[in-house]
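Asks: Pasting a structure here, questions to come.
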Amino acid sequence: MGFYGLIYQNYGAFVGYCIAVLAGVVCATCALKVALKRYFGIDFCMGEQHRRSARVRDLNDAEVAARVLAETEEEEKRKELAQKRAVRRAKMEELLVGVSMTVREE
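Going by my numbering, the letters in the sequence shown line up with residues 11 to 116, in that order.
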């Protein structure tokens, strides 16, 4: 169709054919870009601003992950201390009960 328009000087048909082919190429390129990004994590045609914002986002994600990890470790330490206190308290209560029993026996 496009070459027919070129051969017979039907430039309207040729231009329409070229536009259709270019639109198809653009759509295929966009689909490939989306597929590569979604399934493989490959991102190309990224501008400097997008690269910078992606780096900032990655750094923020890393900072948040580090903060969450630190909070989790701190919470685990608090739980361990609470368990140790509970054990100490139970031992002290046993000792007090034992002492009070010996005092009553006397």
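Where is the CB? At the ideal position from N, CA and C, for every residue including glycine.
CB K43 to CB F54, shorter than 8 Å?
Replies: Within the sequence shown, numbered from 1, the residue matching residue 43 stands at position 33. Within the sequence shown, numbered from 1, the residue matching residue 54 stands at position 44. In this structure, F54 lies closer than 8 Å to K43 by Cβ.
Asks: Which value, in whole angstroms, describes the spacing of the CA atoms of R77 and E86?
Replies: The count along the sequence shown starts at 1 and reaches residue 77 at position 67. The count along the sequence shown starts at 1 and reaches residue 86 at position 76. Going by the C-alpha atoms only, they are around 14 Å apart.
Asks: Using the C-alpha atoms, what's the distance from V66 back to L105?
Replies: Residue mapping note: residue 105 aligns to position 95 of the sequence shown, counting from 1. Residue mapping note: residue 66 aligns to position 56 of the sequence shown, counting from 1. Computed Cα separation, rounded: 58 Å.
Asks: Using only the alpha-carbon positions, how far apart do E73 and R61 sit?
Replies: Taking the sequence shown and counting its residues from 1, the one referred to as residue 73 is at position 63. Taking the sequence shown and counting its residues from 1, the one referred to as residue 61 is at position 51. Spanning the two alpha carbons is a distance of roughly 18 Å.
Asks: Start and end of the alpha helix (DSSP H) containing L42?
Replies: Here residue 42 refers to the residue found at position 32 of the sequence shown. 21-45 is the span of the alpha helix (DSSP H), which, as asked, contains L42.
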